[in-house]
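S.K.: Here you go, one structure.
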Amino acid sequence: MAKREPRNRTCRPLLRGLAAAVLAAGLLVASTGPGYGTDADAPAAAGAQFTPLTAAVMTEPTPFVATDGKTHLSYELLTTSSLPSSTRVRLDRVDVRDARTHRVIGSLSGQALADAANPVGDPLPGADGYTPAPPGPTPTVIQGSQQWVIWIDLILDRGQPAPRAVEHHLSGAVLTASGSSAFEETVQRTRLSRTGPLNLGAPVRPGTWYSSESCCGNTHHRRGLGPINGRFYVPQRFAIDWYRVGEQGQTWEGDPAQLTSYLSYRQPVVASAGGRVVEVQDGIRDNTPPVTPPVPPIEETVGNHVTLEVAPGRYLLYAHLAAGSLKVREGDRVEPGQVLGLIGNSGNSTTPHLHFQVMTTAQFFPTDSPPFTFRQFRVVGQVEPRIWDDNLGLQPTGVLPITPSPYDGRHRARYPLDREVLEF
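Numbering (my numbering), first residue to last: 1387 to 1810.
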């Protein structure tokens, strides 16, 4: 009788290589860290194996519908090489799959993967607000013992439902001095949130407003990774900076070094939902625009602000308010549309605007940032070039270069996308 070949023969060199590398480094690394997403509800593994990369999901991903009418998923995959520093891992592809059917619902590879991944601690590319982010280097190579963050922003086909849980299939090669060994691994089976986004009223009075730093591009809100109290957070993932826009598309007129030149300055902010005031901070003076202010202490980052508890584990933050303008105190009950204070330029703010977001805690640091929608608004245009609040007052004029948007028109229960101009 012919001798039967052993099963998985082609995989053995890779497994031996990975095992040797991992054991030599003394690394038997769990796939998740405390407080991050887990594989607890995953089916039993067919067999244990050493893997070159571990991964952790940093939030409970929540599907939301944006002004493009499509369902989005935005979250982060914190990925760590389990190999020694002398060994590199080439990551070729990340597939996000329906954990039940294993059907791919989104993929990153090539330049798209390079642009969506960076080592932890690297500065945000293009964060000066003037220079577009340069293309990431390809292929994506993770040095041994290095930790990277992969910024996942999926857009599902119109009408395609989001799965109940996702898993992440990674493929690439382990690179050593003697050659390379291909690998594939499936990591981080993660349940999606069963609690939908809050559907809110406007946070400002009726008028035309510019939604700056909104999801889901390369902005300091979306990609602001913060090490706080011993773990990583993305506390502003879905935050929006709101600027009042005039009839000619202007955000300021006159002298941009004067606070009163900005149309947003001292505009009322209002309760987007009824709730209880759980935090109030006042007394921080407004910064003089448009010079970048000194980095404030962590407790003054959001400046004068009001935080409302509007549902269990859901809080609304109104930040950078004008000193002495707050109309409520801790413990007050507020009704939808009630004035909370006036827009200022306090805290980590260069030009007057309202920083608005939903949080999972009453404090900004630490917190998580879930998505939300607004009950109704009308999109009237978009701004193509990147204009951040850090340089808005340094533009030659205060007039936004507004062009038609493919999503112009009325929207209900939608999340405004980055750089849209809309009417509440």
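Think of the CB as a built atom: it goes at the ideal place given N, C-alpha and C, for glycine as much as any other residue.
Remember, it's a predicted structure, so these values are computed and weren't measured experimentally.
Ordered along the chain, which non-local residues of its own chain (more than five positions away) have a Cβ less than 7 Å from that of residue 1771?
M.R.: Taking the first residue of the sequence shown as 1, we reach residue 1771 at position 385. Once the five neighbours on either side are set aside, the close Cβ partners of residue 1771 are 1787.
S.K.: In terms of residues, what are the limits of the beta strand (DSSP E) holding residue 1767?
M.R.: As a first step, residue 1767 must be located in the sequence shown, where it is residue number 381. Where residue 1767 is concerned, the enclosing beta strand (DSSP E) stretches over 1758-1769.
S.K.: If you reduce the DSSP assignment to three classes, tell me which class residue 1610 lands in.
M.R.: As a first step, residue 1610 is located in the sequence shown; it is residue number 224 there, counting from the start. Residue 1610 falls in the coil class under three-state DSSP.
S.K.: Roughly how many angstroms separate the alpha carbons of residue 1698 and residue 1588, rounded to a whole number?
M.R.: Taking the sequence shown and counting its residues from 1, the one referred to as residue 1698 is at position 312. Taking the sequence shown and counting its residues from 1, the one referred to as residue 1588 is at position 202. If you take the alpha carbons of residue 1698 and residue 1588, they lie about 20 Å apart.
S.K.: Reducing DSSP to helix, strand and coil, say where residue 1727 ends up.
M.R.: Mapped onto the sequence shown, residue 1727 falls at position 341. In the structure shown, residue 1727 sits in a strand (DSSP, three-state: E or B).
S.K.: Helix, strand or coil: which one does DSSP assign to residue 1598?
M.R.: The residue given as residue 1598 occupies position 212 in the sequence shown. Three-state DSSP puts residue 1598 in a strand.
S.K.: With 16 as the cutoff for other CB atoms within 10 Å, does residue 1680 come out buried or exposed?
M.R.: Residue 1680 sits at position 294 when you count from the first residue of the sequence shown. Residue 1680 comes out exposed.
S.K.: Mind checking whether residue 1619 and residue 1753 have CB atoms under 8 Å apart?
M.R.: For the purposes of this step, residue 1619 is taken as the residue at position 233 of the sequence shown. For the purposes of this step, residue 1753 is taken as the residue at position 367 of the sequence shown. In this structure, residue 1753 lies closer than 8 Å to residue 1619 by Cβ.
S.K.: Specify the secondary structure class of residue 1472 as computed by DSSP and reduced to three states.
M.R.: Position 86 of the sequence shown holds residue 1472. In the structure shown, residue 1472 sits in coil (DSSP, three-state: anything other than H, G, I, E or B).
S.K.: Tell me whether the stretch 1624-1632 and the stretch 1728-1741 touch, counting them as touching only if at least three CB pairs, one residue from each stretch, are closer than 8 Å.
M.R.: The stretch 1624-1632, when compared against the stretch 1728-1741, does touch it at the 8 Å Cβ threshold.
S.K.: In terms of DSSP beta bridges, what is residue 1504 paired with?
M.R.: Your numbering for residue 1504 matches position 118 in the sequence shown. Paired residues: 1535.
S.K.: Among 1502, 1775, 1473, which one has its Cα closest to the Cα of residue 1479?
M.R.: Here residue 1479 refers to the residue found at position 93 of the sequence shown. Among 1502, 1775, 1473, the Cα nearest to that of residue 1479 is on 1502.
S.K.: In the stretch 1637-1661, which residue ranges form an unbroken beta strand (DSSP E) of at least 3 residues, counting only runs that do not cross its ends?
M.R.: The stretch 1637-1661 contains these whole beta strand (DSSP E) runs: 1654-1656.
S.K.: Return the CA-CA distance between residue 1729 and residue 1649, expressed in angstroms with no decimal places.
M.R.: Here residue 1729 refers to the residue found at position 343 when the sequence shown is read from its first residue. Here residue 1649 refers to the residue found at position 263 when the sequence shown is read from its first residue. Their backbone Cα atoms lie some 10 Å apart in a straight line.
S.K.: May I ask you to report which of helix, strand or coil DSSP gives residue 1499?
M.R.: The sequence position of residue 1499 within the sequence shown is 113, counting from 1. Residue 1499 falls in the helix class under three-state DSSP.
S.K.: How would you write the range of the beta strand (DSSP E) that residue 1629 sits in, first residue to last?
M.R.: Here residue 1629 refers to the residue found at position 243 of the sequence shown. From DSSP, the beta strand (DSSP E) with residue 1629 extends over 1626-1630.
S.K.: Check residue 1571 in the structure and name its three-state DSSP category.
M.R.: Stepping through the sequence shown from its first residue, residue 1571 is reached at position 185. Looking at residue 1571 - three-state DSSP - the assignment turns out to be strand.
S.K.: What would DSSP say about residue 1809, mapped onto helix, strand or coil?
M.R.: For this step, residue 1809 is matched to residue 423 along the sequence shown. Residue 1809 falls in the strand class under three-state DSSP.
S.K.: With distances taken from CA atoms, which of 1492, 1566, 1555, 1468 is nearest residue 1532?
M.R.: On the sequence shown, residue 1532 is found 146 positions in, with the first residue counted as 1. The shortest Cα separation from residue 1532 among 1492, 1566, 1555, 1468 belongs to 1468.
S.K.: Would you identify the three-state DSSP class for residue 1712, choosing helix, strand or coil?
M.R.: Here residue 1712 corresponds to residue number 326 of the sequence shown, with the count starting at 1. The answer is coil: DSSP assigns residue 1712 none of H, G, I, E or B.
S.K.: Would you identify the three-state DSSP class for residue 1446, choosing helix, strand or coil?
M.R.: In the sequence shown, residue 1446 corresponds to position 60, counting from 1. DSSP places residue 1446 in coil when its eight states are reduced to three.
S.K.: Which ranges does the beta strand (DSSP E) cover as unbroken runs of at least 3 residues, wholly within the stretch 1673-1702, from first to last along the chain?
M.R.: The stretch 1673-1702 contains these whole beta strand (DSSP E) runs: 1690-1697.
S.K.: Which stretch, first to last residue, makes up the beta strand (DSSP E) that contains residue 1800?
M.R.: Residue mapping note: residue 1800 aligns to position 414 of the sequence shown, counting from 1. Start and end: 1795-1800.
S.K.: Pick helix, strand or coil for residue 1542, following the three-state DSSP scheme.
M.R.: Against the sequence shown, residue 1542 aligns to sequence position 156. Reduced to three states, the DSSP call for residue 1542 is coil.
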